[in-house]
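Asks:
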Amino acid sequence: MENVQIKTPPEEPFLSYNRYLRERYGERVYRVAVDGGFSCPNRGADRQSPGCSYCDEYGSRAVYLPGKVPALEKQVEAGLGFLRKRYSAERFILYFQAFSGTFAPVEKLKICYDTALSCHQFLELIVSTRPDCITPAAADLLASYRGVLSDVWVELGLQSVHDRTLRRIQRGHTFQDFHDSFLMLQSKGIKCAVHVIFGLPGESEEDMMETIDVLAALKPGGIKIHDLHIPQGTSMHREYLQGELALASSKRHAEYVIGALERLPAECVVMRLTCDTPAERRALPVEVPVKDAFYREIRKSMDARNTWQGKYMKPGSTGF
Ligand code: SF4
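Numbering follows the working numbering, with no gaps: position 282 of the sequence shown is 369.
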């Protein structure tokens, strides 16, 4: 591989989110996921328009949130209760996970964020959203919480840097939209984690690694890598049934993941390596790897190959 840097192997082959949080706060920290009731520009105000070709009616909501959107106070209470009971959790991050967490007038955003943040002494605020949903006013509002919280993160759904792929999966935004929002957030001291999907229709391994190289050059705070899951009733499911696309095996996904980790900066927090669409909503793949076992397998393979996160990051790469 070109531009190889000789580096010293770290103790662990990649910077997992759990390790990052433990090192930052000295203990395990858990995310309380809430749904602010926002829609997304790709789904319309009532959340009913088709949106991205792999998006179902749930729009990435936490598994423990019930169907109807309850008051934020109730959601926080339920989330804290769930995490305390299940994991004996004590310290928490507030996470606006569902749909596009900045898709509302800034006055409404402020009420939502303030309401949820007032329910507990959270360490951080994380808002998941789309690249075309970040206005300067929303970015300023998010930056204003930096004074009272340890960190403010925005998770930006990108999926691929290739506009032809973004068109095919009906994302409704371009790479340039992402780039502009990313730089705006970064300039205000907001950390960005980028979502990508491996195995999207029409993409080769080279395309996926190009996505990673472009992101690596931007030095995001974190990354979430997903294997492609196709929920029931989505337009991508119909495409699959018509024989228009094939899914990568988990073994192949593991190879993509290792290739991506090798190209990412060592300090980029690896927040996710697989997707976790619940079985009752997932049409494909029928079988998915257990998350912990998948992580163990990645660590084992990377150790066996004497490779690690950042080993093959291209120095000074400007991506596209
Ligand atoms: S941006 Fe997210 S919520 Fe909106 S349609 Fe796409 S996957 Fe669904």
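C-beta atoms are modelled at their ideal positions from N, C-alpha and C, and glycine is treated no differently.
Compute the Euclidean distance between the alpha carbons of Ser103 and Ile385, then round it to the nearest angstrom.
Replies: Translated into positions along the sequence shown, residue 103 becomes position 16. Translated into positions along the sequence shown, residue 385 becomes position 298. Their backbone Cα atoms lie some 11 Å apart in a straight line.
Asks: If we count the other Cβ atoms within 10 Å of its Cβ and call it buried at 16 or more, is Tyr182 buried or exposed?
Replies: The residue given as residue 182 occupies position 95 in the sequence shown. Tyr182 is buried by the Cβ-count criterion.
Asks: Could you check whether the Cβ of Arg254 sits closer than 7 Å to any heavy atom belonging to the ligand SF4?
Replies: In the sequence shown, counting from the first residue as 1, residue 254 sits at position 167. The answer is no for Arg254.
Asks: So Gln319 packs on Ala370, CB below 8 Å; how close in whole Å?
Replies: Taking the sequence shown and counting its residues from 1, one reaches residue 319 at position 232. Taking the sequence shown and counting its residues from 1, one reaches residue 370 at position 283. So it is a contact: roughly 5 Å between Cβ atoms.
Asks: Touching or not, the stretch 269–284 and the stretch 372–381, by the rule of three or more beta carbon pairs under 8 Å?
Replies: Result no; under three Cβ-Cβ pairs closer than 8 Å.
Asks: How close, in whole Å, do the beta carbons of Ala230 and Met271 come, if the pair is a contact with beta carbons under 8 Å?
Replies: Here residue 230 is taken as the residue at index 143 of the sequence shown, counted from 1. Here residue 271 is taken as the residue at index 184 of the sequence shown, counted from 1. About 10 Å; that fails the 8 Å criterion.
Asks: Quick one: what's got a C-beta closer than 7 Å to Ser237's C-beta in the same chain, skipping five residues either side?
Replies: Counted from its first residue, the sequence shown places residue 237 at position 150. The answer, listed in chain order, is Leu210 and Glu211.
Asks: From what residue to what residue does the alpha helix (DSSP H) around Ala224 run?
Replies: Position 137 of the sequence shown holds residue 224. From DSSP, the alpha helix (DSSP H) with Ala224 extends over Pro223 to Ser231.
Asks: May I ask you to list the residues that DSSP assigns as paired with Gln246?
Replies: Numbered from 1 along the sequence shown, position 159 holds the residue referred to as residue 246. In DSSP, Gln246 forms a bridge with Val283.
Asks: Could you compute how far the alpha carbon of Arg368 sits from the alpha carbon of His316?
Replies: Translated into the one-based positions of the sequence shown, residue 368 becomes position 281. Translated into the one-based positions of the sequence shown, residue 316 becomes position 229. If I take the Cα positions, the gap works out to 10 Å.
Asks: Any heavy atom of the ligand SF4 closer than 7 Å to the Cβ of Cys362?
Replies: Within the sequence shown, the letter at position 275 stands for residue 362. No, since every heavy atom of the ligand SF4 falls outside the 7 Å radius drawn around the Cβ of Cys362.
Asks: Just to check, is the beta-carbon of Phe125 closer than 7 Å to a non-hydrogen atom of the ligand HEM?
Replies: Questions concerning the ligand HEM fall outside what the structure shown contains, since the ligands it does hold are the ligand SF4.
Asks: Ordered along the chain, which non-local residues of its own chain (more than five positions away) have a Cβ less than 7 Å from that of Val150?
Replies: The residue given as residue 150 occupies position 63 in the sequence shown. Confidence at Val150 is low in this model, with a pLDDT of 47, below 50, so the placement of that residue is unreliable and no value is reported for it.
Asks: Under 7 Å: does the beta carbon of Cys139 sit that close to some heavy atom of the ligand SF4?
Replies: Taking the sequence shown and counting its residues from 1, one reaches residue 139 at position 52. Correct: Cys139 has its Cβ closer than 7 Å to the ligand SF4.
Asks: Is it right to say Gln263 is buried, meaning 16 or more other beta carbons lie within 10 angstroms of its own, or is it exposed?
Replies: The count along the sequence shown starts at 1 and reaches residue 263 at position 176. Exposed.
Asks: Since I believe Asp390 is in contact with Pro97 (beta carbons under 8 Å), could you give me their beta-carbon distance rounded to a whole number of angstroms?
Replies: Taking the sequence shown and counting its residues from 1, one reaches residue 97 at position 10. Taking the sequence shown and counting its residues from 1, one reaches residue 390 at position 303. About 11 Å separates the two Cβ atoms, so there is no contact after all.
Asks: Look at the alpha carbon of Val119 and the alpha carbon of Ser215, and state the distance between them as a whole number of angstroms.
Replies: The residue you call residue 119 lines up with position 32 of the sequence shown. The residue you call residue 215 lines up with position 128 of the sequence shown. Using only the alpha carbons, I get a separation of about 13 Å.
Asks: For Ile180, which residues does DSSP report across the bridge?
Replies: To locate residue 180, count along the sequence shown from 1; it is residue 93. DSSP output for Ile180 lists Arg118 as bridge partner(s).
Asks: Considering Val356, what are the terminal residues of the beta strand (DSSP E) in which it resides?
Replies: Taking the sequence shown and counting its residues from 1, the one referred to as residue 356 is at position 269. Note, Val356: beta strand (DSSP E), Val356 to Arg359.
Asks: Is His266 helix, strand or coil by DSSP?
Replies: On the sequence shown, residue 266 is found 179 positions in, with the first residue counted as 1. Residue state, collapsed to three classes: helix.
Asks: Would you list the residues sitting across from Thr216 in a DSSP beta bridge?
Replies: As a working note, residue 216 is residue 129 in the sequence shown. Thr216 is bridged to Leu243.
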